[in-house]
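Take a look at the structure below.
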Amino acid sequence: MADKTPIQMLHDRVLVSVDPDAGERRSSGGIVIPATAVMGSRRLAWSRVAAVGPHVRSVEVGDRVLFDPEDKAEVEVNAETYVLMRERDIHAVAAQRLGDSQTGLYL
């Protein structure tokens, strides 16, 4: 019997889903670069927000967020892997609701 107990995030915590293919990238020539390849600099990762705590102000469920995967705490919930972090550990947010932002950047 699977445990279906509801979970509520506390304080400024954000829970993001982990994309199993997020680590792999393709070069401009189409070569697949695996997640285990060592890079000279740190590489940030995008993930989708699954849940937020009551004190989170800038992020909503469903947003895509940019964070440093080196500073992550992974947790497994109902056989799915998530990353738990504080809101301050998020570097950027991508969402349709931010259409009037002043950055001029688009994904």
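Residues in the sequence shown are numbered consecutively from 22, following my numbering.
Note that the Cβ used here is the ideal one computed from N, Cα and C, for glycine as well.
Item: Complete beta strand (DSSP E) runs within the segment 76 to 111 (minimum length 3 residues, chain order); Value: 85 to 88, 94 to 98, 101 to 107
Item: Beta-carbon gap between Val73 and Arg34 smaller than 9 Å; Value: yes
Item: CB-CB length for Val37 against Val86, believed under 8 Å; Value: 6 Å
Item: For Ser68 and Val104, believed in contact at Cβ under 8 Å, the rounded distance; Value: 6 Å
Item: Straight-line gap, Asp89 to Arg118 (C-alpha atoms, nearest Å); Value: 23 Å
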